Amino acid sequence: MSHPLVAAVWEQLGRRDVGNILREIIGEHAAELAVFQMQDDVSRIEPLIRPVLWINAIFDLQRAYLQGLTNVHDCHPYFLPYLLPSEAIFSTLMYLIRVKSDLFPSNTPAPPDFARHRHFIAQVLLGGIRLLLLRGDAIPPDLRFNLERAMRAAWHHPDLSSAERYLIMDLLPRAIDQIGSPELSKKQSTLLVSNNTSLPSFASGLYPFSIAPETLMTDLLTGAVANKTDYLASFFTLFDIISAAEFALIQCHVDRRRISQEQGYSNAAASKVEEAFAQAQETRKKLVRTVMAAFDDEFSAPSLQVLATLILSHNAEGQPPLQTRRIRDSWTRLLRIRGVLEDSLGLLVRWLINRRVQMWDCNGELESISQDYQRHLTQWLQNASLPDPAAQPQSRDKRTSIMYAVDCPAVHMVPKALLEEQLTSRDTLYEHLQENPEFLTLNISCPLCPGDIRIQHARMIKPLGQALTALQDVSESNRNRRYSIADSASRDTTSQSSSTSHTTSLDPSEFPRSPVSPITRTLGFSDLMTKHSNTSVTELISPLSSHASSDQLRERQGTRSLSRELKSVKIAFPSGASLFRKASTKQKLPRQPRSCFSATGRTLLLWGAGTSWVMRFELSTVEGQRSKGHRYDVSGVQYAAAGDKRCAVIAAVGEHLELLIFESTGTIADAYLTIEFVAFTIREEVRVYELGAGAIRRVPLGEHLDRYPLLGEEPPSEAATPSKEGQYANNQTRPQAVIERKIQFSVDEKHFVVATHLGDHCAYVDVWGWNAGQWIITPDKSRSFKLPSWTANDGDLTCVFYDSFHFTVIMTAFLGRESPMLVSLADPNIVSDPLSIRIVHAAQSPSGTRFAMANGAGEIYMCECKANTLLTPYQLKKASTKISLAAFKPGNLTLSFPQENEILAFWAKDGKLSLRAIRYNEGAEVINDFDLRPDFDRLVVERVPAGNFPAQRRQNSSLSNQSVAEMDAMTPVRRPDMAELM
């Protein structure tokens, strides 16, 4: 069992609707089981065992929630919604007994290859009954009797192993009899306390985990083996300790992934997890060896056989814990069940993720509220106006009245004194806080939130006395104010129209950790930030707007003024016109349109900041032939890219970034993995992954990777210095922080180039090549050079390309007359070709030697790279005609070069989505313009017909007899097909 894989399962199961998940698993499995009974196909037994292992994973996480507690009443209130009720657990146990009877009838000998699968069902019953014991809820005696009787009848086999017979006929009946009784819990607590040991609870943290096995484990093993009448306490204490060691390692993997993905966590947090992981791993190793040594000595003891089977079937080390003949034989016999368990967990992750994708359409309005709230909170803190503090100086003894609003999910008002306590170890910020600044940028835990909730910004809120004074002044100044139609009515209209544009969705597991106040929707953050509103955020959102009495007074005054003004208004309607205007068929464009072409240049992707969709246009430049459009419904789109057959979308889901892979016309993501597993360029790292049939595999990037410190970090003392040729050694550390990075595959699919702009006003270019199954960078393929002194450290690179024929890198930037820049890997000189001013966007032709470039002066060029590493530009005069100069800015114009003599340009401006095809042949230019706005409007309002919904949305059952070879069939890593990779 792979601990990282179980950690991925835990991440997906950490939801409040786990009861629904359990019911869906059982329902789908029951349907598959009915088909099995009709066909009676023995080969389908193993696929039908997998959902049983899914249920076991749910039981394990539930036991982790209750670890170290007396009963469910001691559980932290935050985790109570994540727990299954005792009724659901009991019903699941009864269902598992039925599954065993259907798969392995007692009147039929079990197939030899599947006898251990039957034993594993008994182990799942052990985990479920232990979960009922941990909850401590009373179950009626008749139900307990029915459970025991059904279990004994189902396992009425003559060929039961001693461990299986011990479980079914002895251990589990005794445990069932103890359900609801506090006696077992008291005995276990006495055993642990007598050895100065306790198991960590989930609320306090499953790690650090450290138990000295010398005395405690010896006493427990003796009690489990030698005591024939009262061994339950010793056995279940051993069972819980072994499980606690596994849970600690799993939780370390969960936190390691979370820390690597979240912004603002220091290296100290990651180091703490690594230390805890090493400690838990060492403790687990000692515990396992102690139990297995006892099993090797007392091989015939059934209690030790049960524990040994549990350890060997879940072992993640890849080898037996002890190298004795008996243990090696037992390890080999359980090889198949370990493979089934590993495959089942992988399928469970995919099943849970596909379930989340299908639920995205259910909670669109909730997510729009959450996203608007989070997006505008920081902007409100920065822009909300405050009177000049110097006008009303405060004395030192009033510092306790100073409050700061912080950007935690609950928007806590934190007293200045609490912030001082948090910043005592950070001299600079502490001294800055003493000056009572209006705005603070920091990176600490919120003093009022449970857990480690990080805050980045804090905004001073005036003391109450000053706020009331200011409120009175505002009321006086507005007492005689008259509201006009243009002032009040237009705002309301804008608010209502913009609120209908949200079609995003939110998975229930991604709700904010703390409740969001209803004032969030009342303020209408999404409505106030539309482009149609000319009113600033400072005007519409004020820290004083929550005082209801003043608001009601203004509303009444405004209503009276408005009604008086309306008496003199006359509205003329043309004859025959309806009082109700027909709704416009045009749909709203995103606030910040973003676009990119596919690797072949024939597909255009369009999305926007905060949108819940990505539009895909299969372009056709043939007269009379219409482009094909398709829409992917994705929440929180961050970036998108496309190849010939697939589309990749990076989306923000709660605190994580995730990557979705769609087929060209698919509506549900085929692969859906967190960004920790799949990525292209993540913060300071560059990664390459290979897409396969339903799986994604990371491709190694050589033996040495360049290390870049994160923004805000000090450069390492051993920072490298460039050589005379401007090169950096491959194993040296480059200085300063990463400002921006561009990455591009070559057209021959054998190289990819990485251009990096660092905070030292230098640009670094690395070219990687495919060799012997991995991407390798050679010393002569890295160059660095100084950027102009006026270059701003706010991200200026626009494109980078590699010409493998001339061994040349072409890098374009939006910074000055010295771009584009050509970097020849055979010539140490950097060549700047002043086509004109700054380059907005560029594209590379299929041959790799031609480039299309658009600059800030509204000009489009076609350039050829010659043998002397110089670009020969040809201005395409017709190509830029009738294109607004405002479109020639980074992000507004996108170029593609699908053929050697054809260039495509796309821009969105003034409500238009324009595509221009430019053909260049022997000095002659031919342009054709296409309007994609009708296709966009159609895709926005288009919905899947109800009759076709099952056919288009249906997912293949992960419980069916599908091969799992796709999960591990990619052992020989071939060179990726770059047209598909992006």
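At position 83 of the sequence shown (counting the first as 1) the number is 83 in UniProt numbering, and the numbers step up by one without a gap. Just so you know, even glycine gets a beta-carbon here, dropped at the ideal spot from N, CA and C. Quick caveat: nothing in here was measured; it's all calculated off a predicted structure.
Is it true that the CB of residue j sits closer than 7 Å to the CB of residue i?
{"i": "LEU442", "j": "HIS412", "result": "no"}
{"i": "MET862", "j": "ALA852", "result": "yes"}
{"i": "ILE179", "j": "LEU132", "result": "yes"}
{"i": "ASP297", "j": "ILE327", "result": "no"}
{"i": "LEU589", "j": "CYS596", "result": "no"}
{"i": "GLN305", "j": "ALA163", "result": "yes"}
{"i": "LEU915", "j": "PHE930", "result": "yes"}
{"i": "TRP768", "j": "LYS750", "result": "no"}
{"i": "SER313", "j": "LEU287", "result": "no"}
{"i": "ILE176", "j": "LEU134", "result": "no"}
{"i": "VAL438", "j": "MET403", "result": "In the sequence as displayed, the identity of residue 438 is Glu instead of Val. The answer is no: Cβ separation not under 7 Å."}
{"i": "TYR65", "j": "PHE236", "result": "no"}
{"i": "SER330", "j": "LEU53", "result": "no"}
{"i": "THR600", "j": "ALA917", "result": "no"}
{"i": "SER913", "j": "LEU932", "result": "One point to set straight first is that residue 913 is Leu, not Ser, in the sequence displayed. For LEU913 and LEU932, yes; Cβs fall inside 7 Å."}
{"i": "ARG15", "j": "PRO81", "result": "no"}
{"i": "ALA95", "j": "ILE26", "result": "In the sequence under discussion, the amino acid at residue 95 is Tyr, which differs from the Ala named in the question. Yes; because the gap between Cβ atoms is below 7 Å, this pair is in contact."}
{"i": "ILE129", "j": "LEU199", "result": "no"}
{"i": "residue 995", "j": "ARG646", "result": "The shown model of the chain, from 1 to 982, leaves out residue 995, and the question about it has no answer."}
{"i": "ILE927", "j": "LYS877", "result": "no"}
{"i": "GLN422", "j": "ILE444", "result": "yes"}
{"i": "ALA908", "j": "PRO593", "result": "yes"}
List the whole-angstrom C-beta distance separating residue i from residue j, where the pair is believed to meet the contact cut-off of C-beta under 8 Å.
{"i": "ALA30", "j": "ILE97", "result": "The pair is not a contact, with the Cβ atoms about 14 Å apart (cut-off 8 Å)."}
{"i": "GLY608", "j": "LEU939", "result": "In fact, because the Cβ distance is near 13 Å, the residues do not count as touching under 8 Å."}
{"i": "PHE114", "j": "ILE45", "result": "5 Å"}
{"i": "LEU895", "j": "ALA842", "result": "6 Å"}
{"i": "HIS806", "j": "LEU787", "result": "Incorrect: roughly 23 Å between the Cβ atoms, too far for contact."}
{"i": "SER804", "j": "ASP748", "result": "5 Å"}
Apart from the five residues on each side of it in sequence, which residues of its chain come closer than 6 Å, Cβ to Cβ, to residue i?
{"i": "ALA280", "result": "TYR207, PHE209, ALA248, LEU249"}
{"i": "VAL6", "result": "ILE250"}
{"i": "SER845", "result": "PHE897, GLU900"}
{"i": "residue 987", "result": "In this structure the chain extends from 1 to 982, so residue 987 is not present and cannot be described."}
{"i": "ALA8", "result": "VAL349"}
{"i": "ARG284", "result": "ALA245"}
{"i": "PRO393", "result": "Confidence at PRO393 is low in this model, with a pLDDT of 46, below 50, so the placement of that residue should be treated as unreliable; the coordinate-derived value is given next. Answer for PRO393: no residue qualifies."}
{"i": "PHE677", "result": "In this prediction, PHE677 has a pLDDT of 36, which is less than 50 and means its spatial position is unreliable; what the coordinates show is noted afterwards. Hits under 6 Å: none found."}
{"i": "LYS187", "result": "ALA233"}
{"i": "ILE485", "result": "With a pLDDT of 29 at ILE485, under the threshold of 50, the modelled position of that residue is not reliable, and the figure given next carries that caveat. None."}
{"i": "TYR632", "result": "VAL614, PHE662"}
{"i": "ALA640", "result": "LEU605, TRP607, VAL614, VAL649"}
{"i": "HIS432", "result": "none"}
Residues in its own chain within less than 7 Å of residue i by CB, not counting five upstream and five downstream?
{"i": "SER836", "result": "Any reading at SER836 is ruled out, since the residue's pLDDT is 45, under 50, leaving its predicted position unreliable."}
{"i": "LEU322", "result": "ARG289, MET292, ALA293, ASP296"}
{"i": "VAL634", "result": "SER612, TRP613, VAL614, VAL649, ALA651, LEU660"}
{"i": "HIS3", "result": "LEU249, ILE250, HIS253, ALA316"}
{"i": "VAL18", "result": "ILE58, TYR82, LEU84"}
{"i": "GLN62", "result": "LEU83, LEU84, LEU131"}
Just to confirm my understanding: we take residue i, look at its own chain, exclude 5 residues before and 5 after, and list those with CB closer than 8 Å. What are they?
{"i": "LEU22", "result": "ILE55, ILE58, LEU84, ALA88, THR92"}
{"i": "ALA138", "result": "ILE179, GLY180"}
{"i": "LEU48", "result": "HIS29, GLU32, LEU33, PHE36, VAL99, LEU103, LEU959"}
{"i": "THR665", "result": "HIS630"}
So is residue i in contact with chain D if we call contact Cβ pairs under 7 Å?
{"i": "LEU33", "result": "In the structure shown, chain D does not exist; there is a single protein chain."}
Handout entry: Contiguous alpha helix (DSSP H) assignments of at least 4 residues, all confined to the stretch 886-946
Key = 933-941
Handout entry: Sufficient close CB pairs (3 or more, under 8 Å) joining the stretch 76-90 to the stretch 126-145
Key = yes
Problem - the stretch 884-904 touching the stretch 853-860, judged by at least three CB pairs closer than 8 Å - result: yes
Exercise for the section: Spell out a yes or no on whether the stretch 49-66 and the stretch 189-198 are touching, meaning 3 or more CB-CB pairs, one atom from each, closer than 8 Å. Expected result: no
Practice task
Pair every Cβ in the stretch 111-126 with every Cβ in the stretch 215-222, then say whether three or more of these pairs are closer than 8 Å.
Solution key: no
Practice task
Mind the definition here: the stretch 152-161 touches the stretch 71-88 only if three or more C-beta pairs lie below 8 Å; say whether that holds.
Solution key: no
Exercise for the section: Identify every run of the beta strand (DSSP E) within the stretch 155-184, keeping only runs that are complete inside it and at least 3 residues long; order them along the chain. Expected result: none
Exercise for the section: Within the stretch 585-647, note down every full alpha helix (DSSP H) run reaching 4 residues or more, in order along the chain. Expected result: none
Practice task
Please specify which runs of the alpha helix (DSSP H), each continuous and at least 4 residues long, are wholly inside the stretch 32-73, giving them in chain order.
Solution key: 45-65
Problem - Secondary structure, beta strand (DSSP E): runs of 3+ residues fully inside the stretch 180-241 - result: none
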